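Structure below.
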């Protein structure tokens with residue numbers, strides 16, 4: 001059976017300055033705008049021309065060209081935590097249907113028309129999610145629930161638009177889902193063997209490999225310091 005998904009929404013954003021009243025103002029491209037359903041976009045190895053990253057150390061680049069989040073998680077957080085979240089609440093570029101982090105594997109290649117995407121790593125959400133949305137500890141909840149979303153690198157660029165189908169065309173690591181990587185990273189002490197296997201995957205983004213290697217070496221548990229978010233309401 002073919003594994004397929006569909007691009008429900010596409011979002012792009014420009015850098016903005018945010019002042020939440022609880023820390024110094026900061027620049028972010030987290031707030032994004034819904035692209036028109038009829039608009040055809042060009043995606044290349046760096047993502048979309050109309051989408052920018054204000055923090056180029058931690059965001060963007062060829063391994064983080066497109067941020068992807070599952071539509072399934074919006075009702076999940078609503079039902080479990082009574083959180084009413086608007087579109088693009090997680091700052092994603094693609095909101096996709098049918099698939100989530102438990103069904104997408106590291107290195108998966110998806111065909112989307114002429115475009116080919118490859119899954120490079122889980123997303124590592126930071127405190128800005130809670131700060132921008134004003135929801136205390138939302139970032140921590142996303143990490144603890146292992147529902148982070150993931151990144152695509154672009155193997156072959158081209159034209160895409162909302163409603164396009166994503167079809168899995170190859171899978172190298174069927175046992176290494178995005179959810180599994182997050183579970184191992186969150187509890188590195190108890191997952192030394194599994195993390196070693198993940199680190200051996202040649203499709204894993206280099207920056208994420210360094211981060212996971214440190215957690216593996218230090219046997220770290222729980223969320224990371226920069227994911228602590230006490231700035232919401």
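Numbering (the UniProt record's numbering), first residue to last: 1 to 233. A virtual CB, placed ideally from N, CA and C, is assigned to each residue, including glycine. The model shown is predicted, which means the values in this text are computed figures rather than measured ones.
Between the stretch 102-121 and the stretch 81-89, do at least 3 Cβ pairs fall closer than 8 Å? no
Residue range of the beta strand (DSSP E) that residue 153 falls in? For the purposes of this step, residue 153 is taken as the residue at position 153 of the chain shown. Segment 150-156, the beta strand (DSSP E) holding residue 153.
For the stretch 126-136 and the stretch 196-214, state whether three or more C-beta atom pairs, one from each stretch, are separated by less than 8 Å. no
Under 8 Å between C-beta atoms of residue 172 and residue 222: Residue 172 sits at position 172 when you count from the first residue of the chain shown. Residue 222 sits at position 222 when you count from the first residue of the chain shown. The answer is no: Cβ separation not under 8 Å.
Leaving aside the five residues before and after residue 156 along the sequence, list all residues of the same chain whose C-beta is less than 8 Å from its C-beta, in chain order. On the chain shown, residue 156 is found 156 positions in, with the first residue counted as 1. Contacts found: 114, 115 and 116.
Whether residue 92 touches residue 68 by CB criterion (8 Å): By one-based count along the chain shown, residue 92 stands at place 92. By one-based count along the chain shown, residue 68 stands at place 68. Cβ atoms of residue 92 and residue 68: closer than 8 Å.
For residue 37 and residue 183, I'd like the C-alpha separation in whole angstroms. Locating residue 37 in the chain shown gives position 37, counting from the first residue. Locating residue 183 in the chain shown gives position 183, counting from the first residue. C-alpha separation (whole angstroms): 35 Å.
Of all the CB atoms in chain D, is at least one closer than 8 Å to the CB of residue 120? Reference to chain D is not applicable here, since this structure consists of a single protein chain.
At a cut of 8 Å, does the stretch 160-175 reach the stretch 96-107 through at least three beta carbon pairs? yes
Suppose you measure from the CA of residue 48 to the CA of residue 90; what does that come to, to the nearest Å? Taking the chain shown and counting its residues from 1, the one referred to as residue 48 is at position 48. Taking the chain shown and counting its residues from 1, the one referred to as residue 90 is at position 90. So the alpha carbons of these two residues sit roughly 18 Å apart.
If you count every other CB in all the chains shown that lies within 10 Å of the CB of residue 188, and 16 or more means buried, which is it? Taking the chain shown and counting its residues from 1, the one referred to as residue 188 is at position 188. Residue 188 comes out buried.
Thinking residue 185 and residue 212 are a contact (beta carbons under 8 Å), I'd like their distance in whole angstroms, please. Here the question's residue 185 lines up with position 185 in the chain shown. Here the question's residue 212 lines up with position 212 in the chain shown. That pair is a contact at about 6 Å.
Please classify residue 175: is it buried, with 16 or more other beta-carbons within 10 angstroms of its beta-carbon, or exposed? Translated into positions along the chain shown, residue 175 becomes position 175. The residue in question, residue 175, is exposed, as its Cβ has fewer than 16 Cβ neighbours within 10 Å.
With a CB to CB cut of under 6 Å and the five nearest residues on each side skipped, what residues in its chain are close to residue 234? Here the chain has residues from 1 to 233 only, and residue 234 is not among them.
Where does residue 81 sit, in a helix, a strand or coil, going by DSSP? Residue numbering aside, residue 81 sits at position 81 when the chain shown is read from its first letter. Of the three classes helix, strand and coil, the one that applies to residue 81 here is helix, per DSSP.
Around the Cβ of residue 163, are there at least 16 other Cβ atoms within 10 angstroms (buried) or fewer (exposed)? Within the chain shown, numbered from 1, the residue matching residue 163 stands at position 163. So residue 163 ends up on the exposed side.
Nearest to residue 46 by CA position, among 32, 35, 31 and 65, is which residue? Taking the first residue of the chain shown as position 1, residue 46 is located at position 46. Selected option, being the one with the closest Cα: 65.
What does DSSP give as the partner residue(s) for residue 44 in the beta ladder? Residue mapping note: residue 44 aligns to position 44 of the chain shown, counting from 1. According to DSSP, residue 44 bridges with 47.
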